[in-house]
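To start, the structure itself, in C-alpha cells.
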C-alpha cells in the first residue's frame, strides 16, 4: 500500500510520499473506501473523532473479505503504518458490490452477482468487528447506497434502485423483544429517463440523486405520492400526517417519552420511585390546564425537567428522603399547588387525590406518543404506583417490582379486547416474588386482583405455588382453590372438579361429604360406596389404582391423578399430571401439599422436568427459580448469564449463548443476587462484561437511552484483555441445600451506592481543540459563512473541526488525553471504545426535546403565548442539563450546542431559538452558524405554519443578521429571505386551499414588492407589511352561495364550508373542484403580473431584479 499526504496552503497543492507497506493479501483489492466519505457532518465527525486510535481510516475489499484499517504515524515525516482493526467475512458465493461505513461502527454491504442482497452490520465498541444485524433481499438490483447521520444520531440508509429509492432506518423494539430491526421508512419514484447511478446525502435531509445527465435534489418533505411506512401501532390517527423523514425517524426509532409506560416500568424495576412520581406530577400539572377543553387530542408534550430526571435517576432509591412521610403525602386532601421552580427543588410523592385526577385526565386525553393500549397501561401504572407507595416500608423492593408487574398485567387485561389479552404472567415477572420478604402482602394483592373466585388457573398464571415459601400458607391456598372450584358452578356443583386438590390435602372425608350432597350427580352412589372404604389398607389402595388406570383410558386425567393419590401413589399421580395434563406447576403444588417441601419426588420434578423444559424454551428465569427452590443459589444466579449448555448434557439450539442474554430485568436481578452471595460464582469476566453491553443496547433499542447510559457509567467494567476471548465452560456443581429453606433477604436496595466515580469530560484536544468554542464575533475578512449571493446553499459548511480533513488525518494521530485531565478519570478506567456509543445515547435525547417544540410551532393551531414562554424557559434549563451530560461523555459544549442548533432546523422549530436569541445568547452558541442554517432552511419550508413563523419573527432574525452577518450582504439576504417567504406563502396557501390566508397575502403583494425593491429603510417597511399580514384584518369579499353552486362540488368552495367558514386542512387541501383550480390559476397569474410590473419599474424598483435572480421557487410548483 502506497501512501501520500496532500496539503493545501494559499490555494497551492503539495504532495509528499508517506511510505510503502507490503500487505499480506492473497489477491488484489477490488474496492476501497476512505474516511472522508463517512465523516461529513457534525454528528458523524464527532463519532469519528471519539473513536480515538480505534478509528477506521480506510476499508478495502479483498475477495469476499472486507478489511478495516487504522493508521499510525510516529512523527510528521514518518511513514504511515497501516494496521487491521477487524475484518468482515461474507460468503464466498456473494461478490461484494458496494460498501458504506458510518461512524461510530455501522456498515452496509451490497453483495450478490445481481446486487440484490443488503446486509447491515452494527457494533457498540470502536475497533471491534460489528455483527450482522439484518439481511434483506430485493427483487431488483441495488444501484447505490448512502448513509445519513442526523443531528440526533439517527442512522438513515438510502437504497437506490433503477427507478425508485427506499429509505431505511432502525425500528424501535417493543415489550421484551430486543433484536435490532431495520425497516423501510419510505419509498418514492424517480421519474428520470435514465436509470439511477448514484446518490448522496447533503445538509438537513436533502438527498441528491444522479441519473443519466440529471442531478436531482429531494428535500426531507414527503408528498402524497411517497409510500410512507408508519409504525403498526399508530400513535394518533387524528394528528397531522408526518411531513418529513425526521418525523418518521422519531416515530419509528425515537426515544420514548418519559411518561411512556414502557419507560415507567423500567424505572420502577430500578426502584426509582421518586423519578416516576416526578414524571406523573409533571403530567398532572400539564393536563389539568386542558381539563375543560373539548378536544381530547393533545399535540403538546408535558415539559419534563431533564435536570430533575438526571438527579432522580442517580440518587438513592430509598423513600425515606421524601418530605412529610407517607401519612402526610397520601391523605385525601386537596392537591398542593406548586410552581415549576418548586417542583425542580423539591421531590415529593403524588397524593391519592392527584393520582385519581391524573387517571381521569388520561382517560379523556390522548397524549402524543401513546397508542390506545399504551394509554390504558399508563393509567394502570398510575394506580399501581399509588398502591405501592401507600404500602410504605412494609413492602420490600422486590415485592414492589412484583406488584407493579402484576397490577399492570391485570389492569391491561381489563382494558384490552379478549383476543389481545395475555392469560398468564410471565416467569420473568413472578420471579421477583420468590426473592421478596413481603410475600404475605403479595399474596393478598393477588387474591384481591383475582376477586373472590381464586381458582387453579389464577394460581398457575401467577406462579403462586412456585414462589410461596411458607408451607402452611401453601396448604391454605390449596384449600381455598379447592373450595372456590367447587363453588364456581352454582347450577351444577361437581365434586369431581375439586377432588384432586382435596385428596392432595388428605381430606378424603371432606370429599365424601360433598358427594353426599350431590344427589343430582349420576356417580353419587358409586363414589359414596367406594369412599366408605379404608384406603390405608393395601387392598383398597390397589382398587384405587385400578380405578385410576380406568380413568386414564377415559382420558379423565386429573381425576385419575386424584385416585392415585387416594392409593397413596404420589409418583404415579405426578407422572399423570406431567405427561397427560402437562402442567408442571400443578405437579409441584400437589407434591408440596402432599409431602412437604423436602419431598424427593418434588426434587425429581424440578431436576428432571422443569429444568430441561426451561432449557428447551430458553427460559432463564424459570431455570433460575428452579435452582433457587433446590437450594442451589449459586447455580440460580449463574443461570441468568452463562450459556445454558452448562446445565445439561444434551445438545441445545444455536441461540443458546451469552449473546442471547440481554434482558434488562435479568441484569437487575443478577446484580442484586450477586451482592448477597458469598460463594464464588465462576462466571467469566468477559461474559459479565458483554452482558452489561448487551443490556445497554437493549435499553437503547427499547427507546430508553438514559437507562442505556446508566448501565455503561454506573456499572462500568474494564474491557477484557481480548475482545475475542472464548467463554470458558465451568464444571457443573451439584451441591444441594434444603428446599424452600428460609432465605435471607435479597430485597436490599442494590441501587443505593454503586461506588463508581462520576463520569467527567476529558479535554480531548488540548489547546488546539478542534471543538473549541466559536463564540467570538467572526472577522468578516475571513468569514467562512459570508452570505455571498452566489454561494451554493448546499455547499460544504466551514469545518467545525478547524483543520480540513486532508490535513487533519496527519495532525495529532494519537489524540490522547492530557495528563491533567486524565487524572480526573477513575484510576481503573481504561479506553474501552464506547465513547462514541455513549455520545450517541446522549444525542438521541435531542429528539425528545425538539419533538415537544415541534408540536408547539408546527401544529395546526397557533401556540399559546404563555405556554410557549413556559416551554422556552424549560428548554433553556434542559439545554444546560444536556450540555453538562454531554460533557460527561466527552462531547464539548460548542459541539453539542451546534447539534442542538442543527436539530432545531431539521425539526423546523427555529422560532424557539429565535425567541431565545432575542432575549439573550446562550453560552456556547454560534449565532452566525445558526443564521446561515436558518437561511438555508427558509428555502426548504413547505408548510404554512413555518412560513408564518418566519414572518412573525422577521424583526428578530433581521436584527440578528445585521449584528452577526457581513454588513455588505446582510440587507440583501434579508430581503431575499423575506421575498421568498412571502411568495412561498402565497403558493402554498393556494395549493392547500387556505384562501382566507391567501387573500390577505395577495391583497398586500404589490405594496410588499414596493417595499422590498426600495433601498430606503426597507426593513421598517417589511416589518409594517408583515404586521398587517399577521393581523389578518383583510377579509374576503362576501359572496352568496347560489352564485357559485354551479362551479363547486357540493357546498365546498375555495377550500372550506361557506356555511361554517372553518378550514379543514386534512380535507379541504384535497379540493380539486373546478372553482378551486380556477381560483388558483387566477391567483398565480396575478402574482406573476405583479412581479413583472414591479420589475419593469426600474427607476423605482432598481433592487428587485437582483433579489429575484437568486430565488428559485420551482420547488413550490
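Residue numbers (the UniProt record's numbering): 1 to 1117. Backbone N, C-alpha and C define an ideal beta-carbon position, used for all residues, glycine too.
Run through DSSP, which three-state label would residue i get?
i           : result
residue 1   : coil
residue 13  : strand
residue 435 : coil
residue 537 : coil
residue 188 : strand
residue 117 : strand
residue 68  : strand
residue 716 : coil
residue 164 : strand
residue 6   : strand
residue 640 : coil
residue 18  : strand
residue 830 : coil
residue 298 : coil
residue 214 : strand
residue 910 : helix
residue 735 : Only weak support exists for where residue 735 lies, its pLDDT of 36 falling under 50; the coordinates are left without a value.
residue 386 : helix
residue 51  : coil
Please determine, among the options, the residue with the shortest C-alpha to C-alpha distance to residue i.
i            : options               : result
residue 555  : 543, 576, 677 and 565 : 576
residue 215  : 221, 197 and 227      : 197
residue 223  : 210, 29, 245 and 707  : 245
residue 1118 : 540, 569 and 578      : Nothing in the structure corresponds to residue 1118, since the chain is present only between 1 and 1117.
residue 436  : 142, 74 and 628       : 628
residue 145  : 158, 153 and 136      : 158
residue 500  : 509, 513, 482 and 306 : 482
residue 478  : 564, 298, 585 and 491 : 585
residue 981  : 992, 949 and 1010     : 949
residue 354  : 278, 261 and 305      : 278
residue 462  : 226, 446 and 453      : 446
residue 1122 : 432, 433, 381 and 94  : Outside the shown range of the chain (1 to 1117) lies residue 1122, about which nothing can therefore be said.
residue 672  : 878, 431, 622 and 868 : 431
residue 243  : 255, 227 and 256      : 227
residue 527  : 510, 538 and 536      : 510
residue 155  : 131, 106, 112 and 195 : 106
residue 370  : 439, 299, 612 and 423 : 299
Are the beta-carbon atoms of residue i and residue j separated by less than 9 Å?
i            : j            : result
residue 379  : residue 362  : yes
residue 706  : residue 309  : yes
residue 280  : residue 358  : yes
residue 663  : residue 428  : yes
residue 96   : residue 61   : yes
residue 1118 : residue 31   : Past the edges of the chain, shown from 1 to 1117, lies residue 1118, and the structure says nothing about it.
residue 1164 : residue 210  : This structure cannot speak to residue 1164, because the chain is shown only from 1 to 1117.
residue 521  : residue 494  : yes
residue 640  : residue 666  : yes
residue 875  : residue 912  : yes
residue 1119 : residue 1094 : Because the chain is modelled from 1 through 1117, residue 1119 falls outside the range shown and cannot be assessed.
residue 51   : residue 906  : no
residue 133  : residue 147  : no
residue 564  : residue 550  : no
Next item on the list: Could you say if the region 457 to 468 and the region 585 to 603 meet the contact criterion of at least three C-beta pairs nearer than 8 Å?
Entry: Short answer: they touch.
Spell out a yes or no on whether the region 1017 to 1029 and the region 963 to 970 are touching, meaning 3 or more CB-CB pairs, one atom from each, closer than 8 Å.
The region 1017 to 1029 is not in contact with the region 963 to 970.
- Message: Using a Cβ distance threshold of 8 Å, determine whether the region 190 to 200 contacts the region 876 to 895, with at least three qualifying pairs required.
- Response: Three or more beta-carbon pairs separated by less than 8 Å are not found between the region 190 to 200 and the region 876 to 895, which leaves the two stretches without contact.
Is there contact here, the region 136 to 144 with the region 99 to 116, by at least three beta-carbon pairs under 8 Å? Two segments are said to touch when three or more pairs of C-beta atoms, one from each, lie closer than 8 Å; by this definition the region 136 to 144 touches the region 99 to 116.
request  = Could you tell me whether the region 509 to 521 touches the region 600 to 607, using the rule of 3 or more Cβ pairs below 8 Å?
outcome  = Counting C-beta pairs closer than 8 Å gives fewer than three between the region 509 to 521 and the region 600 to 607, which falls short of the contact rule.
Runs of 3 residues minimum, wholly inside the region 71 to 148: which ones carry the beta strand (DSSP E) assignment? Fully enclosed beta strand (DSSP E) runs of 3 or longer: 81 to 89, 96 to 102, 106 to 111, 117 to 122 and 131 to 137.
Quick one: which unbroken alpha helix (DSSP H) runs of 4-plus residues sit fully inside the region 491 to 564? Chain order, please. 495 to 504, 508 to 516, 524 to 531 and 538 to 553, all fully within the region 491 to 564.
So, does the region 282 to 291 touch the region 846 to 855, judging by three or more C-beta pairs under 8 Å? The answer is no - the region 846 to 855 does not touch the region 282 to 291, with fewer than three Cβ pairs under 8 Å.
Using 8 Å as the Cβ pair cut-off and three pairs as the minimum, do the region 923 to 935 and the region 894 to 902 touch?
Cβ pair count under 8 Å is three or more, so yes.
Check: Does the region 1009 to 1021 come within contact of the region 985 to 993, defined as at least 3 CB pairs closer than 8 Å?
Finding: As far as the Cβ criterion goes, the region 1009 to 1021 does not touch the region 985 to 993, which means the pair count is below three.
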